[in-house]
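Below: one structure, written as structure tokens.
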Amino acid sequence: GLNSPFYQLPVKYQKKTVEIYQSKEQLFVFDLYTGGEIVTYPLSAIPGQTVSKREFKREKEKTVQILKTSVLQMFEGENWKRFSKGNFKTFPRYTRDQCLEAKRYFEDKDIKMEILDRALLFCLENDTPSFANLKDTYAYFKREQERSKTIWKEREAPIPQYQGEHSPFKVSQRSLSVYQGLIKKREGAVI
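In the working numbering, the protein residues as written are -4 to 186.
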């Protein structure tokens, strides 16, 4: 239905008011001022189902070459350039999508270069050139670094000083007759 799913609009209509018309099978979205049809969606029979169109997620106003150049310039370093060029060569049909993934995962983020270099080397050595793989590898190495810092902190924690010998504890012992008496009562037999 109209109330439960989310419907995407082209970038120029996002955060703007549009007119919506719903039939039994489709949802029509119109420009509020011109009356022109923007997009048509089939209605989802599943409540809460997200209906989207992939083309609206793309930056169509930028050419693939501009996107490639901006990705190549995101980080300095030979590994980044080798990885990016390998990505473009491996996925020539999906270069735009790969560039957008690179920007979403790595642009304007607090990226630790030493971890990124490890992730890049790992991906290059294992021939996994997608930016999604790089993101996952980066996240793994980042977790490992944080975990190893925690382990080092635990190792560096002060060890309590040896206090010397202590006198043995005095432990009382019951007489065997106490247990024999309990058994006799229970069984009514003599041991």
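Ideal Cβ positions, reconstructed from N, Cα and C, are used throughout, including at glycine. If you're wondering where the values come from, they're calculated on a predicted model, not measured in any experiment.
Same chain, Cβ closer than 8 Å to residue i, neighbours up to 5 away in sequence not counted
i, result
"L119", "N74, R77, F78, G81"
"Q21", "T35, Y36, P37, L38"
"T12", "L27"
"I33", "L4, P5, Y8, V13, V24, F25, D26"
"F70", "F101, I106, M108, L111"
Boundaries of the alpha helix (DSSP H) in which residue i is found, first to last residue
i, result
"Q175", "171 to 182"
"Y100", "90 to 101"
"G72", "Neither: G72 is in no alpha helix (DSSP H) and is coded neither H nor E."
Simplified DSSP assignment, three categories, for residue i
i, result
"D131", "helix"
"P5", "coil"
"P37", "strand"
"E120", "helix"
"E32", "strand"
"K57", "coil"
"K63", "helix"
"Q168", "coil"
"K107", "coil"
"I154", "coil"
"S125", "coil"
"P163", "coil"
"F136", "helix"
"K10", "coil"
"F78", "helix"
"F86", "coil"
Burial state of residue i, where buried means 16 or more other Cβ atoms lie within 10 Å
i, result
"L111", "buried"
"S170", "exposed"
"Q68", "exposed"
"P153", "exposed"
"Q158", "exposed"
"K63", "buried"
"F83", "buried"
"Q156", "exposed"
Supposed contact pair residue j and residue i - C-beta distance, whole angstroms, cut 8 Å
i, j, result
"V66", "R91", "With a Cβ gap of about 11 Å, V66 and R91 do not count as contacting."
"A114", "F136", "5 Å"
"F126", "A97", "5 Å"
"Y100", "K130", "4 Å"
Where the beta strand (DSSP E) through residue i begins and ends
i, result
"V24", "21 to 26"
"Q17", "13 to 17"
Other residues of its chain near residue i: CB distance less than 7 Å, five sequence neighbours each side excluded
i, result
"K180", "none"
"Y133", "I110, L111, A114"
Spatial neighbours of residue i in its chain, beta-carbon cut-off 6 Å, leaving aside the 5 residues before and after
i, result
"P124", "G81, N82, T85"
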